[in-house]
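Each protein sequence line maps, in turn, to chains A and B.
Okay, so the first sequence: first residue is 1 according to the working numbering, each after it adds one.
Okay, so the second sequence: first residue is 1 according to the working numbering, each after it adds one.
We put the CB at the ideal spot given by N, CA and C, even for glycine.
2 protein chains.
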Amino acid sequence: MTLSITALKNIPLIKPGDDLAGMILNALNASDLALDNGDIIVLAQKIVSKSENQLVNLATVQPSAEAVALSEKSGKDPRLAELILRESNEILRTRMGSVIVEHRLGFVCANAGIDHSNVAGDGSATEDWVLLLPNNPDQSALDIRTKLEKASGKQIGVMIIDSHGRAWRMGTVGVAIGYAGVPGLVDERGWKDLFGYTLQITVVATADELAAAASLVMGQASEGIPAVHVRGFPYPLRNSSMSELIRPRDQDMFR
Amino acid sequence: MTLSITALKNIPLIKPGDDLAGMILNALNASDLALDNGDIIVLAQKIVSKSENQLVNLATVQPSAEAVALSEKSGKDPRLAELILRESNEILRTRMGSVIVEHRLGFVCANAGIDHSNVAGDGSATEDWVLLLPNNPDQSALDIRTKLEKASGKQIGVMIIDSHGRAWRMGTVGVAIGYAGVPGLVDERGWKDLFGYTLQITVVATADELAAAASLVMGQASEGIPAVHVRGFPYPLRNSSMSELIRPRDQDMFR
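Take a look at the structure:
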């Protein structure tokens, strides 16, 4: 059994309104890849957000008093601090250079996932534009999946990923922020191990494991590989939602 | 560019003293795979620990008063609680069913990584045996790497992984607990993005991303795939140590 993750190198720079599904189909063609049942397309958050015009020009943002306070504590531009507040349910920790939040989408991440780099609102480069996460990444994934399935006649999964830091460990890893068809969790509790014992705690975050794998292939930012094709994912695809991966607050010992 | 992760299905049940490197070479042969420069072998912690005889019979463990107290708070067998204490630098959180520790190896994990399932001290199955993590996983990986490189004449990486729960997100993911040749972190700070901006925070935990990918292929415990072969890892191999991945306590906002 082999899991294969292939970079789709022919995705052009994405602009608001672009048809991502069509671009993915073109890129697959150019790579001599045809979608098959069980395949998964993994997309970097940036291209989904850009295609959905989640760009904001900081010049249009009026910081609140709360944002000014957050800016002083974090060193972030007060207008960016305002957007972080708007995009978050709760601020968990603030240090100089770093604001850790519960995003409105439910997961915990730094700076509400708002990104400065690679952003150009009108196609040009400017430091005043930032990029918010997609409004509803599960829905974005589902929309793209529907188009790809219609075009290919195959049943596939689509996942959108971002890079998050972690508690306790250095470095970022790819994590899922939305998906359609990809199982978020696979519950292996109750399965027997090789000696017939019932396994204790084995709920595997399969979507996040795949996100990390895809992130490895997207790899170096300078090469700009925003989409990969996955074949050999070892679990059945099914209807799914990002909510599976979000630990309920009252079960979280590290909030 | 394709990253390929292939299950090595011909690894027999491991007993203390077994020659893992030899078994991996046999399994590669049986899968018609020959090691090439840049390949990585990823091993499940369990087979490394078993081959190193990290098995402990709970009947031989005398719980301390501290262990009895931890047992009452966590619901763990007091003898297991004693081993958790011995294997840990610090207990971070305790709840019924769950003890989160800083392991003596430096990383944060549940129950000091001590495992009940699949364990048989004398080859038979018994509930009284548990399995500790390898004494020094970096060294274990280096020893196996040295043997595999000598046998193959190729420069490769070896990594040992376990499954860890996370703060904030549901489910476990594969993470590195030791490696040789595999870059723990790749620092992309200072690289230019597509518009020439300098990227801000991009230190990627490449070893953990690969661990998650490998864990996906090892997958379902009932199938027992304890080793995988990786080809197409997109970063250069180099000398490395697990210490790269451990966040210093004073930089950790969630301890």
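By the criterion of at least three beta-carbon pairs nearer than 8 Å, the region 25-34 of chain B is not in contact with the region 104-117 of chain B. When DSSP states are grouped into helix, strand and coil, asparagine 239 of chain B belongs to the coil group. Just so you know, the alpha carbons of serine 140 of chain B and arginine 238 of chain B end up roughly 17 Å apart. Taking 8 Å as the CB threshold, methionine 170 of chain A lines the interface with chain B.
When the beta-carbon positions are compared, alanine 213 of chain B and isoleucine 24 of chain B stay at least 8 Å from each other. For the pair alanine 81 of chain A and leucine 70 of chain A, the CB atoms are nearer than the 8 Å cut-off.
Residue-level contact check: proline 78 of chain A does not touch chain B, since none of the beta carbons of chain B fall below 8 Å from its beta carbon. For leucine 3 of chain A, the uninterrupted beta strand (DSSP E) run begins and ends at 2-7, by DSSP. When only Cα atoms are considered, isoleucine 14 of chain B and glycine 75 of chain A end up about 53 Å apart. Within 7 Å of the CB of valine 61 of chain B, no CB atom of chain A is found; the nearest one sits about 19 Å away. For methionine 23 of chain A, the enclosing alpha helix (DSSP H) begins and ends at 20-30.
Scanning its chain for C-beta atoms nearer than 7 Å, with the 5 sequence neighbours on each side dropped, one finds around valine 61 of chain A the residues Arg79, Glu82, Leu83, in chain order.
For methionine 159 of chain B, the enclosing beta strand (DSSP E) stretches over residues 157-164. Inter-residue distance for glycine 232 of chain B and proline 63 of chain A is about 46 Å (C-alpha atoms, whole angstroms).
At a beta-carbon threshold of 7 Å, the residues of chain B lying near valine 108 of chain A are Trp168, ordered along the chain. Contact of isoleucine 100 of chain A with chain B by beta-carbon distance below 9 Å involves Met253, Phe254. Going by beta carbons, asparagine 10 of chain A and alanine 27 of chain A fall inside the 8 Å limit. A residue is called buried once 16 or more other Cβ atoms fall within 10 Å of its Cβ, and alanine 180 of chain A is buried on that count.
Between the alpha carbons of isoleucine 114 of chain B and lysine 50 of chain B lies a distance of about 12 Å.
For proline 234 of chain A, at least one C-beta of chain B is nearer than 8 Å to its own C-beta.
With fewer than 16 other Cβ atoms from the protein chains shown falling within 10 Å of its own Cβ, valine 68 of chain A counts as exposed. Here the C-alpha atom of serine 98 of chain B lies approximately 34 Å from the C-alpha atom of alanine 44 of chain A. Residue-level contact by beta carbon holds for aspartate 208 of chain A and chain B, with a gap shorter than 8 Å. The shortest C-alpha to C-alpha distance from proline 12 of chain A to any of A:Arg93, A:Met96, A:Lys46, A:Asn135 is the one to A:Lys46. The straight-line gap separating the alpha-carbon atoms of alanine 167 of chain B and isoleucine 156 of chain B is approximately 33 Å. Nearest to proline 134 of chain B by C-alpha distance, out of B:Val228, B:Met1, B:Asn53, is B:Asn53. Non-local beta-carbon contacts of valine 175 of chain B in its own chain, meaning distances under 7 Å to residues more than five positions away in sequence, involve Ile161, Asp162, His164, Asp208, Ala211 in chain order. At a cut-off of 8 Å, the C-beta of alanine 212 of chain B has a neighbouring C-beta in chain A. When only Cα atoms are considered, lysine 73 of chain A and glutamate 244 of chain B end up about 28 Å apart.
Chain order gives the chain A residues near leucine 185 of chain B as Met170, Gly171, where near means a beta carbon separation below 9 Å. In terms of CA proximity to arginine 169 of chain A, B:Leu185 leads the group B:Met170, B:Leu185, B:Asn57, B:Val158. Judged by beta-carbon spacing, valine 56 of chain A lies within the 8 Å limit of valine 130 of chain A, meaning their Cβ atoms are closer than that value. Along the region 1-23 of chain A, the positions whose C-beta sits under 9 Å from a C-beta of chain B are Met1, Thr2, Leu3, Ser4, Ile5, Thr6, Ala7, Lys9, Leu13, read in chain order. Taking all protein chains in view, the Cβ of arginine 95 of chain B is surrounded by fewer than 16 other Cβ atoms within 10 Å, so the residue is classified as exposed.
DSSP places valine 173 of chain A in the strand class (E or B) of the three-state scheme. Using a Cβ-Cβ cut-off of 8 Å, alanine 30 of chain A does not count as an interface residue toward chain B, since no Cβ of chain B sits closer than that to its own.
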